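Here the structure is laid out as structure tokens; the discussion comes afterwards.
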Amino acid sequence: MLFQEILGLLHIKKHLAASADSGRIPHAQLFVGPEGSGTLPMAIAYAQYVICGNQNGENLGENTTCNLKFDSISHPDLHCAFPVANSDKVKSHAVSDHYMQEWRQFIKEQPYGNLFDWYRLIGIEKKQGQIGVDEAMDIVKKLSLKSYEGGYKVMLIWMADKMNIAAANKLLKLIEEPPNKTIFILIAEDEEQLLQTIRSRCQILHFPPLSEEAIADGLVMKGLNRAEALRVAHEANGNFNKAVDLMNRDSEDLVFEKWFVQWVRSAFKAKGNKAAIHELILWSEELAATGRETQKKFLHYCIAVIRQALLINFNARELAFMQIHVEGFELEKFAPFVHENNILDITHELENAVYHVERNGNSKIIFTDLSIKLTRLLHKKAA
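Just so you know, we're using my numbering here: the sequence shown kicks off at 112 and counts up by one.
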């Protein structure tokens, strides 16, 4: 994967290329960016640039073999670690090496994909993956070996914010003082989830959401006409992964929309109608039957919709990018029910639910409690 194949982010490409060309390569870097911003493909392109000695983002003739190995993500000096969990394929002590075939497929087909896409690919969408101490021991072992080609070794840790404390503590010394010509590239969406001691040992590079033009260019290359590509790019809000899903009508957001609308309609029926509580309980049970990662992703989706509704209510429509595709539901009509008197409470309850889901709380209780609380909050009057 070359720099020229990555959408947008010219300033980051120039920075990384200049640091490699001058030989001033930090031994540990943390790439932080929102979903779909290109942190993973950029990290792979940077590793290829460093290991293969490419210049200006182009393949050099003498490095053809090296570049071919990177094209198939099989270069022996590129090591990858990512969140995993036990599955039908791996019964215990799952580590990244058990899923390398799926990892190569993921990078080839969905380089901008998110954690949920990855979990779905390896069949653990109903579990919460992590980078555990077994993985940390594997990393220590791999980096104790010499470089295969005598140059740099790169350890790429994707979704490093899913690293548990035991693994982070085990890697602390290695990240601080890695072997000669060893580079750590950690990738995270939420740097606050990483231990401060890990963050302090890394040079942090923040990735912005992609521009609408960059996303539209990527969609046009996938066969979409320019006008439709720009419309989808606006709705994707800087997330190329979401843009591709919307283009293919395969976005999990389309399912989340139905759940959200179902809850809102049940909530409005519930006012003065005790029988409607039964609908809220059925809604809670439907969500409780899904996996924890799906539940967390849905709750974050709800937070995004609520914020969009507030923007519309406060006449900042140009800042609202989201669309609801469910027939008969308009965000503009829902917006007046989200206002200064309930926005903080609604957001707090949704974030609280995420917290309890992450800690393996009983899903039926969490969502039943949430649905009743949010129903009351929606009926609060504006000031």
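C-beta atoms are modelled at their ideal positions from N, C-alpha and C, and glycine is treated no differently.
Computed from a predicted structure; not experimentally measured.
For residue i, which three-state DSSP category applies?
| i | result |
| --- | --- |
| Q314 | strand |
| I477 | helix |
| K491 | coil |
| L120 | coil |
| I235 | coil |
| A381 | coil |
| V201 | coil |
| H186 | coil |
| Q241 | strand |
| Q159 | helix |
| A387 | helix |
| V195 | strand |
| V343 | helix |
| A154 | helix |
| M358 | helix |
| I457 | helix |
| M112 | coil |
| N174 | helix |
| K333 | coil |
| H138 | coil |
| Y210 | helix |
| S130 | helix |
| Q373 | helix |
| A400 | coil |
| R470 | coil |
| N352 | helix |
| Y92 | Beyond the ends of the chain as shown, which are 112 and 494, falls residue 92; an answer cannot be given. |
| S148 | coil |
| G168 | Because G168 sits at a pLDDT of 45, beneath the cut-off of 50, its placement in the model cannot be relied upon, and the following sentence gives the value as read from the coordinates. Here G168 sits in coil by DSSP. |
Going by CA-CA distance only, name the one from the options that's closest to residue i.
| i | options | result |
| --- | --- | --- |
| T308 | K281, D328, F318, P290 | K281 |
| L330 | E346, F425, G349, A354 | A354 |
| F367 | I388, R342, E404 | E404 |
| D188 | Y259, H317, K382, Y466 | Y259 |
| Y263 | F445, F409, D182, Y157 | Y157 |
| A205 | W214, P194, R215, E213 | P194 |
| A325 | H345, R310, A129 | H345 |
| D96 | V265, R310, I235, I392 | With the chain covering only 112 through 494, there is no way to say anything about residue 96. |
| E287 | A139, L254, K202 | A139 |
| G472 | E116, A399, F371, I435 | A399 |
| D245 | N452, A196, T293, E460 | A196 |
| P289 | M266, I483, L335, Q115 | M266 |
| D364 | Q434, R487, H186 | Q434 |
| A493 | L481, K484, I454 | I454 |
| I218 | G134, D182, L285 | D182 |
| N384 | D301, R487, A154 | R487 |
| N359 | V372, F432, A340 | A340 |
| H490 | H467, A427, E451, Y466 | E451 |
| A247 | W214, I235, K284, K257 | K284 |
| L151 | C163, E220, K484, D208 | E220 |
| E441 | I162, Q419, T458 | Q419 |
| F445 | N426, L421, Y466 | L421 |
| L485 | K382, H467, H209 | K382 |
Are the beta-carbon atoms of residue i and residue j separated by less than 8 Å?
| i | j | result |
| --- | --- | --- |
| E469 | K380 | no |
| I315 | W269 | no |
| A192 | I250 | yes |
| T479 | S395 | yes |
| L120 | G147 | no |
| N291 | P320 | no |
| F351 | Y223 | yes |
| I414 | E443 | no |
| A464 | I477 | yes |
| H317 | G439 | no |
| L127 | C313 | no |
| H190 | K253 | yes |
| I417 | V375 | no |
| E460 | L481 | yes |
| N275 | I233 | no |
| A277 | L306 | no |
| V437 | V372 | yes |
| K200 | G402 | no |
| D301 | L118 | no |
| I155 | M112 | yes |
| I235 | S203 | no |
Quick one: is the Cβ of residue i within less than 7 Å of any heavy atom of the ligand PLP?
| i | result |
| --- | --- |
| Q159 | With respect to the ligand PLP, the structure offers nothing, as it holds no ligand at all. |
Between residue i and chain C, is any beta-carbon pair separated by less than 8 Å?
| i | result |
| --- | --- |
| V375 | Of the protein chains in this structure there is only one, and it is not chain C. |
Look up residue i in the DSSP assignment and give the residues it is bridged to.
| i | result |
| --- | --- |
| V143 | A299, H317 |
Mind listing, in chain order, the continuous beta strand (DSSP E) runs of no fewer than 3 residues lying wholly within the segment 245–331? 264–268, 293–299, 314–317
Just list the beta strand (DSSP E) runs in the segment 415–453, keeping only unbroken ones of 3 residues or longer that don't cross its boundaries, in chain order. none
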